[in-house]
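Read through the structure below, which is laid out as structure tokens, and then see the notes.
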Amino acid sequence: MTGASGYVGGRLVKALLQEEMAVRIFVRERSKVSGQPWVSAVEIATGNANNYDEVLTALTGVHTAFYLLHSINLGSNFDEIEAAMARNFAKAASTAGVKQIVYLGGIANDAKSSKHLASRARTGSELATGSTPVMEIRAGIIIGSGSASFEMLRHLTHRLPIMTTPKWVANRTHPIAIRDVLWYLAHIAKLEKPISGIFDIGGPEVLTYADMMQKFAKISGLRRRLIIKVPVLTPQLSSLWIGLVTPVPTALARPLVGSLINEVVADPKKSLNGIIPLPPEGLTDVTRAIELALSRISANAVETRWSDAAIQTAPWQKAQSDPAWAGEMILRDFREVITDAPIEKVWESIEQIGGENGWYGADFLWFMRGLLDRAIGGVGLRRGRRDPKTLRIGESLDFWRVENIEKGKLLRLYAEMILPGKAWLEFRVSEVDGKTKIIQEATFAPHGLGGQLYWYSILPLHSFVFPTMLRNIVRSAKRKVLFG
């Protein structure tokens, strides 16, 4: 399994394990999945998908290989990167004797109209260049808690009772529930004989994007949305607009919009009927899929999110954990406090930072920084967090990513906002003479003179934001002692 740290992959691992299959995952770094509940039940191979030898090692002894890799966040040439990775994978699979490759792509009624869809189709073609049979499964909009498509739908509908929209909202779509995607993929792994071919999957309904928004509004108890179609809104403008209104950044909204500018409907001639049986209760309709997704969100039971996969936000950023001796200047804001608050309550407050819980004061300044980041093409602040109380390594937290966490001891966040350098925010807690010591440290590795000027220009804000944050963490911990 490649892509195990992503939205579909993280859930598919669980589905395969439930079918009592032996699963090996291939990830760049073991830490990216260390917080997953299934991590101890899988074999982990590490390496780079561009490295033939590492891919070959990971595929040796494998019967079925799931290819769930995407590179749309790696710049304008993401299509060439995806094609090269797929060719490399196909060659390694052939050498390793893999019996079946399963690839999840997108329905492409007119792939030429979208660079994203064209790249997905090309990836399938490149995977088929080897001798291993390839089942290319193409899906449209995936509805599930935490999917990018669902988050785009949810926030557009929630935030805009009256909206001017591009004409593509009237195009027909063929959404499918994430549970049904997982059903198909998990059962493909159980096939007795390898199969080659392209297969489309979709739910029981075909409807327009506007219809889906109206369904969502009704299920959520909102008034019917007034949708005014404006033909001048191009895909480029649409993605910018979505980037401002929803948590989905413009870089990711662009391929999503690109896949909607033409009809995305499963071809009945490419059905899996006769190959994979339908779920016992049948395929999930749109209303039920939305209800299930909302219930998971309300219960704080979202397993994976679209933002679980790392996003490269700036071309000059190197690996996250580059050490200080790698030749970079390191600038720090170091603060320390000792409190009577119990260490476990202090940790609870630290682990609950961000998202709907806020950043312990100066939230308006954090909001403005997130707004600025969105305006220049970054991820912004509205990604939120998967769970309001717990964090795990590799998941997103507003415009940060959890780089490391040691429960009760350490939380280190890596900044994914657009910056002239690299930034971390770290919290360390320990017990000293019966009291709790909290260390809060912001670290910045500037990129050239511009990075240094950026750091010193925002020092006045740091002198307010960081002391306020630390002070309010202590207050929050003490309130937890009093009120639980």
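In terms of my numbering, the sequence shown has 157 at position 150, counting the first letter as 1, and numbering is strictly consecutive. Yeah, the Cβ is synthetic: ideal placement off N, Cα and C, and Gly gets one too. Being a predicted model, the structure only gives us computed values, none of them experimental.
Under DSSP, Ile144 takes part in a beta bridge, and its partners are Leu111, Phe206. Shown here, Pro286 sits in coil according to DSSP, grouped into three states, outside any helix or strand. In the structure shown, Gln459 adopts helical secondary structure according to DSSP, grouped into three states. In this structure, DSSP gives Thr9 an extended state, which the three-state scheme calls strand. Taking C-beta separations shorter than 6 Å and ignoring five residues to either side along the sequence, the partners of Val213 in its chain run Arg179, His181, Val272, following chain order. For secondary structure counted as the beta strand (DSSP E) over 3 or more consecutive residues, the stretch 380-415 holds these complete runs in sequence order: 407-413.
Phe371 is classed as exposed because its beta carbon has fewer than 16 other beta carbons within 10 Å across all chains shown. Within the same chain, Asp394, Pro395, Lys396 come within 8 Å of Asn307 by CB-CB distance, once the 5 residues on both sides are set aside.
Taking Gly137 as the centre and dropping the five residues before and after it, the same chain places the C-beta of Ala97, Lys98, Ala100, Ser101 closer than 7 Å to its C-beta, in chain order. Cβ atoms of Asn95 and Ala135 stay farther apart than 8 Å, at about 14 Å. Ranked by Cα distance from Glu36, the options Ala22, Gly10, Glu26, Lys277 are led by Gly10.
Check the Cα spacing between Met336 and each of Leu192, Pro453, Gln43: the tightest is with Pro453. The C-alpha of Gly387 lies about 4 Å from the C-alpha of Gly377.
Taking C-beta atoms as the reference points, Leu160 and Phe85 fail to come closer than 7 Å. Ranking Tyr59, His165, Arg408, Thr53 by CA distance to the CA of Leu420 puts Arg408 first.
Looking at the backbone, the Cα of Gly151 and that of Gln25 are separated by about 19 Å. Two segments are said to touch when three or more pairs of C-beta atoms, one from each, lie closer than 8 Å; by this definition the stretch 422-438 touches the stretch 456-466.
The Cβ atoms of Gly113 and Arg312 do not sit closer than 7 Å to each other.
Within the same chain, and ignoring the five residues on either side of Lys277 in sequence, the residues whose Cβ sits closer than 7 Å to its Cβ are Ile205, Phe206, Asp207. Secondary structure at Lys197: coil, using DSSP grouped into helix, strand and coil. Per DSSP, the unbroken alpha helix (DSSP H) holding Gln25 starts and ends at 14-25. Contact between the stretch 337-350 and the stretch 191-202 is not established, with fewer than three Cβ pairs separated by less than 8 Å. At a cut-off of 4 residues, the continuous stretches assigned as alpha helix (DSSP H) that sit fully inside the stretch 135-184 are 155-166. When DSSP states are grouped into helix, strand and coil, Trp366 belongs to the coil group. Minimum Cα-Cα distance from Pro287 among the listed residues Arg186, Trp354, Thr139 corresponds to Arg186. Of all alpha-carbon atoms in Phe33, Val20, Ala65, the one lying nearest the alpha-carbon of Gln43 is that of Val20. In its chain, beyond the 5 residues on either side, Val472, Thr475 have a beta carbon closer than 6 Å to the beta carbon of Ala369.
Here Pro453 carries a strand assignment [DSSP, helix/strand/coil]. According to the DSSP assignment, Glu50 belongs to the beta strand (DSSP E) that extends over 50-53. Going by DSSP, Asp274 is part of no beta strand (DSSP E) at all; its letter is neither H nor E. Your pair Ile195 and Ile108 does not check out as a contact, with CB atoms roughly 10 Å apart and the cut at 8 Å. For Leu338, the three-state secondary structure derived from DSSP is strand.
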